[in-house]
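S.K.:
Number of protein chains: 2
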Amino acid sequence: MLELAILGLLQESPMHGYELRKELAAKLGAIRAAISYGSLYPTLRRLQAAGWITEAAESPATTEEIPALTSRRGRVVYKITAEGKERFAQLIAQTGPETYDDTGFGVHFAFFARTDQATRLRILEGRRRKIEERREGLRDVLARAAERLDAYTLELQRHGLDACEREVRWLEELIANERSGRAPTVPRTGTAGGRREEISPPPPGESRKERP
Amino acid sequence: MLELAILGLLQESPMHGYELRKELAAKLGAIRAAISYGSLYPTLRRLQAAGWITEAAESPATTEEIPALTSRRGRVVYKITAEGKERFAQLIAQTGPETYDDTGFGVHFAFFARTDQATRLRILEGRRRKIEERREGLRDVLARAAERLDAYTLELQRHGLDACEREVRWLEELIANERSGRAPTVPRTGTAGGRREEISPPPPGESRKERP
DNA sequence: CCGCGATGTATCGGACCGATACATCGCACG
DNA sequence: CGTGCGATGTATCGGTCCGATACATCGCGG
Chain R
1 MLELAILGLL
11 QESPMHGYEL
21 RKELAAKLGA
31 IRAAISYGSL
41 YPTLRRLQAA
51 GWITEAAESP
61 ATTEEIPALT
71 SRRGRVVYKI
81 TAEGKERFAQ
91 LIAQTGPETY
101 DDTGFGVHFA
111 FFARTDQATR
121 LRILEGRRRK
131 IEERREGLRD
141 VLARAAERLD
151 AYTLELQRHG
161 LDACEREVRW
171 LEELIANERS
181 GRAPTVPRTG
191 TAGGRREEIS
201 PPPPGESRKE
211 RP
Chain H
1 MLELAILGLL
11 QESPMHGYEL
21 RKELAAKLGA
31 IRAAISYGSL
41 YPTLRRLQAA
51 GWITEAAESP
61 ATTEEIPALT
71 SRRGRVVYKI
81 TAEGKERFAQ
91 LIAQTGPETY
101 DDTGFGVHFA
111 FFARTDQATR
121 LRILEGRRRK
131 IEERREGLRD
141 VLARAAERLD
151 AYTLELQRHG
161 LDACEREVRW
171 LEELIANERS
181 GRAPTVPRTG
191 TAGGRREEIS
201 PPPPGESRKE
211 RP
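Sequence order for the protein chains is R and H.
Counting from 1, position 184 in the first sequence corresponds to residue 184 in the UniProt record's numbering; the numbering is continuous, with no gaps.
Counting from 1, position 31 in the second sequence corresponds to residue 31 in the UniProt record's numbering; the numbering is continuous, with no gaps.
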């Protein structure tokens with residue numbers, strides 16, 4: 001999972017570890033808190049050893065402009081390789097059981113913009129199936145074993161059940177949306193129109209997304 | 001966390017590993033899928049080594065009734081010790097940062113029936129604080145970094161934000177409920193009364209809860 | 001000038017998972 | 001009658017990831 005996430009992020013732009021962690025936290029903030037360095041650095045090393053990423057030189061184009069005033073220290077900038085891109089494409093397209101658990105689904109979903117529609121659909125449906133199973137499990141417990149459990153435990157199950165139902169509905173909308181029409185956005189409360197707004201009129205000032 | 005959960009469950013009744021796993025899945029089904037044996041058995045051994053639990057003999061009172069027809073195999077039944085109960089009491093009352101993450105909170109909450117009210121309140125408020133922070137983080141990303149992210153990532157954040165807001169509201173109700181009055185149940189949609197119903201009229205047929 | 005918070009790299013022990021192996025039991029199906 | 005299969009049951013191994021910790025640099029304000 002971490003491997004996939006790192007490869008995905010580095011595909012957008014080269015980064016060093018610290019930055020990677022922050023971007024990861026921003027992109028996956030809804031899923032998991034923040035990746036630990038104890039996972040990050042070993043994984044970076046592993047990816048490098050496998051040849052998916054390489055260390056990039058620090059000040060690349062404008063070699064002599066800035067360094068005088070910052071005197072770049074030992075920041076290690078990583079960059080994805082061609083093999084790394086292949087690896088990413090392979091990882092993002094292949095689905096196993098771990099694709100549908102909370103973290104796995106979150107990571108895959110976060111990179112849906114780089115995933116083909118068939119795979120997106122497969123993942124969304126797999127996730128829905130999994131959540132439906134969890135939901136049924138919770139319903140069973142609430143229906144059948146309620147008298148064995150105390151009120152707090154029961155309340156916990158109810159809250160979990162609620163979350164399941166909610167997520168299934170969310171997934172339904174995404175799936176419908178995905179199937180016919182191609183807009184990623186779920187219709188917000190009451191907005192019925194088919195017109196999907198593209199997100200940003202090109203931001204005027206700072207655009208540091210991709211390197212040209 | 002596993003340690004706490006096992007100690008808590010064994011406090012209700014002695015069990016063997018397999019049973020423990022199933023009960024755990026039932027009690028924490030809203031939180032986590034099912035504990036792996038690769039965690040369970042080593043932990044059981046650790047707890048036994050520490051003296052918190054002991055192996056109990058298989059057929060305890062009615063020694064010769066059943067064994068003829070089932071010929072009890074190597075099931076290892078574990079039982080909590082007096083020290084184990086102390087340990088549980090200590091673990092359930094002490095709160096660290098890990099008490100407020102998803103799993104930690106879930107486990108603590110599942111044993112709220114064995115937790116004193118002050119601790120319950122502390123945990124609920126700590127959890128609320130943590131979720132509020134997560135919520136603010138997501139709002140920040142959605143407000144400030146929206147144009148840097150693709151529509152799918154954005155949708156993920158929105159869904160996460162929604163879940164946060166929902167959980168905060170849930171916690172608010174639980175906290176209010178906890179503060180004045182002592183009923184564990186959150187008022188279900190429209191049910192305004194103060195009367196809290198006790199759950200089960202004694203179920204007539206099969207009662208295989210505790211061992212006699 | 002000095003401390004302090006942000007930036008930045010790195011390691012270590014431990015918790016937990018997923019796959020796997022293996023043995024027994026009861027029952028359904030041929 | 002046997003036989004095979006799914007549930008019950010115990011156990012280990014490798015791998016992923018976390019949390020704590022250490023350490024070094026930078027810019028800023030007191």
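All residues carry an ideal CB built from backbone N, CA and C; glycine is no exception.
#1: For a cutoff of 7 Å on Cβ pairs, would you count D150 (chain R) as touching chain H?
#2: Check distances from the C-beta atoms of the region 150-181 of chain H to those of chain R and list, in chain order, the residues that come in under 9 Å.
#3: So for V141 (chain R), helix, strand or coil by DSSP?
#4: Along the chain, where does the alpha helix (DSSP H) that runs through T103 (chain H) open and close?
#5: By DSSP, does P60 (chain H) sit in helix, in strand, or in coil?
#6: Closer than 8 Å between beta carbons: that is the criterion. Which residues of the region 114-148 of chain R meet it against chain H?
#7: On the criterion of 16 or more Cβ atoms from any shown chain inside 10 Å, does P97 (chain H) qualify as buried, or is it exposed?
#8: Let's test the definition: count the other Cβ atoms within 10 Å of the Cβ of Q157 (chain R) and tell me whether it reaches 16, buried, or not, exposed.
#9: Can you pull the chain H neighbours of G106 (chain R), defined as C-beta to C-beta under 8 Å?
#10: For the pair the region 33-43 of chain R and the region 168-178 of chain H, tell me if three or more CB-CB distances fall below 8 Å.
#11: Could you please give me the residues that DSSP links to residue 229 (chain R) through a beta bridge?
#12: Buried or exposed for E133 (chain H), please, with buried defined as at least 16 other CB atoms from any protein chain shown within 10 angstroms of its CB.
#13: Does G160 (chain R) pass the burial test, meaning 16 or more other C-beta atoms within 10 Å, or should it be called exposed?
#14: Verify the contact flag: I53 (chain R), CB atom, against every heavy atom of the ligand GTP, threshold strictly below 6 Å.
#15: Would you verify that the beta carbon of A110 (chain R) is, or is not, closer than 7 Å to some beta carbon of chain H?
#16: On the three-state DSSP scale, how would you describe E65 (chain R)?
#17: Determine the extent of the alpha helix (DSSP H) in which E98 (chain R) is found, giving its start and end residues.
#18: Apart from the five residues just before and just after R120 (chain H), which ones in its own chain have a Cβ nearer than 7 Å to its Cβ?
#19: Alpha carbon to alpha carbon, how far is L2 (chain H) from I123 (chain R)?
#20: Would you call Y37 (chain R) buried or exposed, if buried means 16 or more other Cβ atoms sit within 10 Å of its Cβ?
#21: Cutting at 8 Å between CB atoms, please list the residues of its own chain near L9 (chain H), excluding the five before and the five after it.
#22: Please decide whether K22 (chain H) counts as near chain R, where near means a Cβ-Cβ distance under 7 Å.
#23: Would you mind working out which of H:T153, H:L7, H:D102 sits nearest R127 (chain H), comparing C-alpha positions?
#24: Given that a residue counts as buried once 16 or more other Cβ atoms are within 10 Å of its Cβ, and exposed if not, what is T147 (chain H)?
#25: Determine the burial state of E86 (chain R): buried for a count of at least 16 other Cβ atoms within 10 Å of its Cβ, exposed for fewer.
#26: Between L142 (chain R) and K79 (chain H), what straight-line distance do the alpha-carbon atoms span, to the nearest angstrom?
#27: What residue from R:A30, R:E83, R:I35 has the CA that sits closest to A49 (chain R)'s CA?
#28: For T81 (chain R), I'd like the list of residues in its chain whose CB is within less than 8 Å of its CB, leaving aside the five on either flank, ordered along the chain.
#29: Once the 5 residues before and after S39 (chain R) are set aside, which same chain residues still bring their CB inside 7 Å of it?
#30: If A163 (chain R) and A33 (chain H) are in contact, beta carbons under 8 Å, what's the gap, nearest whole angstrom?
#31: Run through the DSSP bridge pairs and tell me what M15 (chain H) is partnered with.
#32: For a test of the three-state rule: what should DSSP assign to T115 (chain H), helix, strand or coil?
#33: Beta-carbon within less than 8 Å of R139 (chain H)'s beta-carbon, same chain only, minus the 5 sequence neighbours each way: which residues are those?
#34: Can you give the Cα-Cα distance for R114 (chain R) and L91 (chain R), rounded to whole angstroms?
#35: Report the rounded CA-to-CA distance for L149 (chain R) versus Q117 (chain R), giving the unit in angstroms.
M.R.: Reading from the atomic positions:
#1: Here residue 150 (chain R) refers to the residue found at position 150 when the first sequence is read from its first residue. Yes, contact with chain H.
#2: Per Cβ criterion, the list reads D150, A151, Y152, T153, L154, E155, L156, Q157, R158, H159, G160, L161, D162, A163, C164, R166, E167, W170, L174.
#3: Locating residue 141 (chain R) in the first sequence gives position 141, counting from the first residue. Of the three classes helix, strand and coil, the one that applies to V141 (chain R) here is helix, per DSSP.
#4: For this step, residue 103 (chain H) is matched to residue 103 along the second sequence. Annotation: the continuous alpha helix (DSSP H) that includes T103 (chain H) extends over 102-110.
#5: Mapped onto the second sequence, residue 60 (chain H) falls at position 60. At P60 (chain H), the pLDDT of 43 sits below 50, so the modelled position is not reliable; the number obtained from the coordinates is stated separately. In this structure, P60 (chain H) counts as coil in the three-state DSSP scheme.
#6: Listed by position along the chain: R134, G137, L138, V141, A145, A146, E147, R148.
#7: Residue 97 (chain H) sits at position 97 when you count from the first residue of the second sequence. Counting the other CB atoms within 10 Å of its CB gives P97 (chain H) a total below 16, which places it among the exposed residues.
#8: As a first step, residue 157 (chain R) must be located in the first sequence, where it is residue number 157. Looking at its Cβ environment, which holds 16 or more other Cβ atoms inside 10 Å, Q157 (chain R) is buried.
#9: For the purposes of this step, residue 106 (chain R) is taken as the residue at position 106 of the first sequence. By Cβ distance, chain H contributes L156.
#10: Contact between the region 33-43 of chain R and the region 168-178 of chain H is absent, because fewer than three Cβ pairs lie under 8 Å.
#11: Given that chain R is displayed from residue 1 to residue 212, the structure contains no residue 229 (chain R) and the question cannot be resolved.
#12: Position 133 of the second sequence, counted from the start, is the residue given in the question as residue 133 (chain H). Burial call: exposed.
#13: For this step, residue 160 (chain R) is matched to residue 160 along the first sequence. Buried, because 16 or more other Cβ atoms sit within 10 Å of the Cβ of G160 (chain R).
#14: The ligand GTP is absent from the structure shown, which contains no ligands of any kind.
#15: Counting from one through the first sequence, the residue named residue 110 (chain R) turns up at place 110. True, the Cβ-Cβ gap to chain H drops below 7 Å.
#16: Translated into positions along the first sequence, residue 65 (chain R) becomes position 65. Low confidence applies to E65 (chain R): its pLDDT is 40, below 50, so where it sits in the model is not reliable, and the reading given next is rough at best. Assigned with DSSP and collapsed to three states, E65 (chain R) falls in coil, not helix or strand.
#17: Walking along the first sequence from the start, residue 98 (chain R) turns up at place 98. Careful: E98 (chain R) lies outside any alpha helix (DSSP H) and carries neither H nor E.
#18: Indexing the second sequence from 1 puts residue 120 (chain H) at position 120. Cβ neighbours of R120 (chain H) beyond the five flanking positions: F112, E178.
#19: The sequence position of residue 2 (chain H) within the second sequence is 2, counting from 1. The sequence position of residue 123 (chain R) within the first sequence is 123, counting from 1. Those two C-alpha atoms are separated by around 31 Å.
#20: The count along the first sequence starts at 1 and reaches residue 37 (chain R) at position 37. If you draw a 10 Å sphere on the C-beta of Y37 (chain R), you find fewer than 16 other C-beta atoms in it, and that means exposed.
#21: Here the question's residue 9 (chain H) lines up with position 9 in the second sequence. Around L9 (chain H): M15, L20, E23, L24, K27.
#22: For the purposes of this step, residue 22 (chain H) is taken as the residue at position 22 of the second sequence. Closer than 7 Å: no.
#23: The residue you call residue 127 (chain H) lines up with position 127 of the second sequence. The candidate whose alpha carbon is nearest that of R127 (chain H) is H:D102.
#24: Taking the first residue of the second sequence as position 1, residue 147 (chain H) is located at position 147. The identity of residue 147 (chain H) in the sequence shown is Glu, whereas the question assumes Thr. By the 10 Å Cβ count, E147 (chain H) comes out exposed.
#25: Here residue 86 (chain R) refers to the residue found at position 86 of the first sequence. Counting Cβ neighbours within 10 Å, E86 (chain R) comes out exposed, since fewer than 16 surround it.
#26: Taking the first sequence and counting its residues from 1, one reaches residue 142 (chain R) at position 142. Taking the second sequence and counting its residues from 1, one reaches residue 79 (chain H) at position 79. For the pair L142 (chain R) and K79 (chain H), the Cα-to-Cα distance works out to about 27 Å.
#27: Working through the first sequence from its first residue, we reach residue 49 (chain R) at position 49. Comparing alpha carbon positions, the residue from R:A30, R:E83, R:I35 closest to A49 (chain R) is R:E83.
#28: Taking the first sequence and counting its residues from 1, one reaches residue 81 (chain R) at position 81. Within its own chain, the residues whose Cβ lies closer than 8 Å to the Cβ of T81 (chain R), once the five positions on either side in sequence are excluded, are G51, W52, I53, T54, listed in chain order.
#29: For the purposes of this step, residue 39 (chain R) is taken as residue 39 along the first sequence, with counting starting at 1. Within the same chain, S39 (chain R) has close Cβ partners L2.
#30: The count along the first sequence starts at 1 and reaches residue 163 (chain R) at position 163. The count along the second sequence starts at 1 and reaches residue 33 (chain H) at position 33. Incorrect: roughly 14 Å between the Cβ atoms, too far for contact.
#31: Looking up residue 15 (chain H) in the second sequence gives position 15. Beta-bridge partners of M15 (chain H) (DSSP): H:Y78.
#32: On the second sequence, residue 115 (chain H) is found 115 positions in, with the first residue counted as 1. Reduced to three states, the DSSP call for T115 (chain H) is coil.
#33: Here residue 139 (chain H) is taken as the residue at index 139 of the second sequence, counted from 1. So the qualifying residues of the chain are L161.
#34: Translated into the one-based positions of the first sequence, residue 114 (chain R) becomes position 114. Translated into the one-based positions of the first sequence, residue 91 (chain R) becomes position 91. The C-alpha of L91 (chain R) is placed about 11 Å away from the C-alpha of R114 (chain R).
#35: Within the first sequence, the letter at position 149 stands for residue 149 (chain R). Within the first sequence, the letter at position 117 stands for residue 117 (chain R). Between L149 (chain R) and Q117 (chain R), the C-alpha separation is close to 44 Å.
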